[in-house]
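Enquirer:
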Amino acid sequence: MRALSVDLGERSYPVLIGDGVRHELARLLPPTAQAAAIVTQDAVQAAGWLDGLDPDLPFEVFTIPDGEGAKSLATVESLSCGFAQFGLSRADVVVAVGGGIVTDVAGFTAAVYHRGTAYVNIATSLLAQVDAAIGGKTGVNLPEGKNLVGAFWQPSAVLCDTETLSSLPPREWACGRGEMAKYAFLGEAPHPDQGVDEQVARCVAIKAAVVADDEREGGRRMVLNYGHTLAHALEGAAQTRHDWDLRHGEAVAIGLMFAALLAQRLGRIDESRVTEHRRVIGGYDLPSELPPGAEAGELVAFMGRDKKAHQDLTFVLDGPRGVETVRGVAPSDVLATLADMGAPS
Ligand code: GLY
């Protein structure tokens, strides 16, 4: 088992990584807790990941539906009503057991239930283990956009149980690998040939350091969005292009390649660094080409709407000082880079 920590003063918390670490739950619960609300999904329960999970407290299990549609205010209301009927108090604890959808929704419900209740994440997907479960970003979607309602609310502990990855469908691995590829450019990189515990731990260490430095994304934390501006645009365009079958991690991989080519066009990195991006993305068995029929104009329009972009076109780009936020990128450079990747304007 590997033990890391997210250092945030009195809100610091441990992150345990390893096979079976979900069984460490009881000793990581807040001492005030006298009851636990476990939030999960049917598929996680069906895989057996709640079997023998013992908070050593009275508990009730609450399931939310599968899919992005479960990240809604309706789910927050339904969970909150369930917690209240169970008698969960502010001193008690919410335990999220699942992937990023579960940790986002349960974390946000914990943030607002009784104006803030402790929660612990047991992350069961690679994406959640290397990204979503760590750092306290919680939230739900609105019809107008993803993650538009949320809170920074840090968990009390995160358990990245790598045993649970054995039930992960192959395409879900791609989701996590896209985020792993991102970390390869942000710190001491994980390597696809390492054991999964070591790879997860390296990603967690990079994310923990960034979050400790900039908890509420005032600046440096934006580097965690490396590759995501084009990824979100592709995901937006995919809503109406039913022939595109893109997972988030695959979109991030294409976004990383685009970011490298844009940085090269802007004179920030050279050809060898672009080749390094291609090598890392390929090493994680992820795509680096735009999907067929991608249109540059449509993608740029989506980029302008990305809530993480500001007034002008803002990107997280590699450069001589490493990966950083770059504002005021000319749309003509973005269009030309997309054209180089095969997307007509
Ligand atoms: N997933 C990006 C962040 O946590 O900041």
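This note's numbering puts the first residue of the sequence shown at 6, with every later residue one more than the last. We treat Cβ as the ideally placed atom computed from N, Cα and C, and that holds for glycine. None of the values given here were measured: they were computed from a predicted structure.
What do you get for SER130, buried or exposed, if any count of 16 or more other CB atoms within 10 angstroms of its CB means buried?
Expert: With 16 or more Cβ atoms within 10 Å of its Cβ, SER130 is classed as buried.
Enquirer: Going by DSSP, what residue range makes up the beta strand (DSSP E) through VAL154?
Expert: 150–157
Enquirer: Just curious, the alpha helix (DSSP H) that GLU255 is in, first and last residue?
Expert: 253–270
Enquirer: Which stretch, first to last residue, makes up the alpha helix (DSSP H) that contains THR80?
Expert: 78–91
Enquirer: Given a cut-off of 7 Å on the beta-carbon distance, is the pair VAL102 and VAL49 in contact?
Expert: yes
Enquirer: Hey, GLY155 and GLY141: beta-carbon distance below 7 Å or not?
Expert: no
Enquirer: With respect to the beta strand (DSSP E) encompassing ALA189, which residues constitute its N-terminal and C-terminal limits?
Expert: Taken as a continuous stretch (DSSP letters only), ALA189 belongs to no beta strand (DSSP E), as it is neither H nor E.
Enquirer: Is there at least one non-hydrogen atom of ligand 1 closer than 6 Å to the beta-carbon of ARG226?
Expert: Yes, the Cβ of ARG226 comes within 6 Å of a heavy atom of ligand 1.
Enquirer: For a test of your reading of the model: does the CB of ASP136 fall under 6 Å from any non-hydrogen atom of ligand 1? Yes or no.
Expert: yes
Enquirer: Can you list, in chain order, the residues of its chain whose CB lies under 7 Å from that of ASP345, leaving out five sequence neighbours each side?
Expert: LEU266
Enquirer: Can you tell me the Cα-Cα spacing of ARG270 and ALA31, whole angstroms?
Expert: 52 Å
Enquirer: Run through DSSP, which three-state label would VAL334 get?
Expert: coil
Enquirer: Rounded to the nearest angstrom, how far is the Cβ of ALA264 from that of TYR231, given a contact under 8 Å?
Expert: 7 Å
Enquirer: By how many angstroms is the C-alpha of PHE320 removed from the C-alpha of VAL339?
Expert: 10 Å
Enquirer: Mapping DSSP to helix, strand and coil, what is VAL99?
Expert: strand
Enquirer: Going by C-alpha to C-alpha distance, which of GLY57, PRO296, ALA256 and GLY105 sits closest to GLU73?
Expert: GLY105
Enquirer: For a test of the three-state rule: what should DSSP assign to GLY287, helix, strand or coil?
Expert: helix
Enquirer: How close, in whole Å, do the beta carbons of VAL215 and ARG226 come, if the pair is a contact with beta carbons under 8 Å?
Expert: 6 Å
Enquirer: Provide the residue span of the alpha helix (DSSP H) that contains VAL216, from first to last.
Expert: First-last of the alpha helix (DSSP H) with VAL216: 201–218.
Enquirer: What is the DSSP secondary structure of GLY396, counted as helix, strand or coil?
Expert: Any answer about residue 396 is impossible in this case: the structure gives the chain only from 6 up to 350.
Enquirer: Closer than 8 Å by C-beta to TYR188: which residues in its own chain qualify, once you throw out the five before and the five after it? Chain order, please.
Expert: VAL135, ALA194, PRO195, ARG207, CYS208, ILE211 and LYS212
Enquirer: For ALA8, which residues of its own chain have a beta-carbon under 7 Å away from its beta-carbon, when the five flanking residues on both sides are left out?
Expert: PRO19 and LEU21
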